[in-house]
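Engineer: Following this message is one structure expressed as structure tokens.
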Amino acid sequence: KKSIWSKIRGQKFLRLGKLKTGTASVAVALTVLGAGFANQTEVKAEGVSVGSDASLHNRITDLEEEREKLLNKLDKVEEEHKKDHEQLEKKSEDVERHYLRQLDQEHKEQQERQKNLEELERQSKREIDKRYQEQ
Numbered sequence: 001k002k003s004i005w006s007k008i009r010g011q012k013f014l015r016l017g018k019l020k021t022g023t024a025s026v027a028v029a030l031t032v033l034g035a036g037f038a039n040q041t042e043v044k045a046e047g048v049s050v051g052s053d054a055s056l057h058n059r060i061t062d063l064e065e066e067r068e069k070l071l072n073k074l075d076k077v078e079e080e081h082k083k084d085h086e087q088l089e090k091k092s093e094d095v096e097r098h099y100l101r102q103l104d105q106e107h108k109e110q111q112e113r114q115k116n117l118e119e120l121e122r123q124s125k126r127e128i129d130k131r132y133q134e135q
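In structure tokens, the structure reads:
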């Protein structure tokens with residue numbers, strides 16, 4: 001894109017070098033030059049504004065689409081997390097049940113050993129008593 005200065009310098013009717021200072025033609029040329037600046041600035045501002053609005057609308061649409069994709073991705077991750085959490089809970093419960101069964105089994109075995117020990121002690125006492133009486 002050409003700058004506004006290069007456009008003005010390229011226009012044949014505004015060659016200020018050919019004008020004499022102090023003449024009315026210089027004043028007319030400057031007035032025309034100023035009006036051109038004002039008109040061109042307004043047109044450019046409107047063009048940029050319309051372009052900016054369209055660009056902003058496109059950007060908003062893009063961001064909304066990206067937001068939607070990210071929300072969907074978040075939903076999937078949360079669902080996977082929920083499934084993983086449920087599986088972990090189930091495994092934890094299974095481990096706890098196994099541990100409790102094992103403790104129960106060990107307790108029963110300990111009771112059985114204690115019972116057998118007590119029975120052996122009674123038998124031993126009877127044997128001792130019997131031998132003592134035989135003597």
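At position 42 of the sequence shown (counting the first as 1) the number is 42 in UniProt numbering, and the numbers step up by one without a gap.
We put the CB at the ideal spot given by N, CA and C, even for glycine.
Predicted, not measured: the structure shown is a model, and the values here were computed from it.
#1: With H, G and I counted as helix, E and B as strand and the rest as coil, what does DSSP make of glutamine 133?
#2: Compare the C-beta of glutamine 111 with all C-beta atoms of chain C and state if any pair is closer than 8 Å.
#3: Quick check for students: name the residue ranges of the beta strand (DSSP E) that lie wholly in the stretch 56-103, counting only runs of 3 or more.
Structural biologist: If we stick to the structure as given:
#1: Counting from 1 along the sequence shown, the entry for residue 133 is found at position 133. The answer is helix: DSSP assigns glutamine 133 an H, G or I state.
#2: In the structure shown, chain C does not exist; there is a single protein chain.
#3: none
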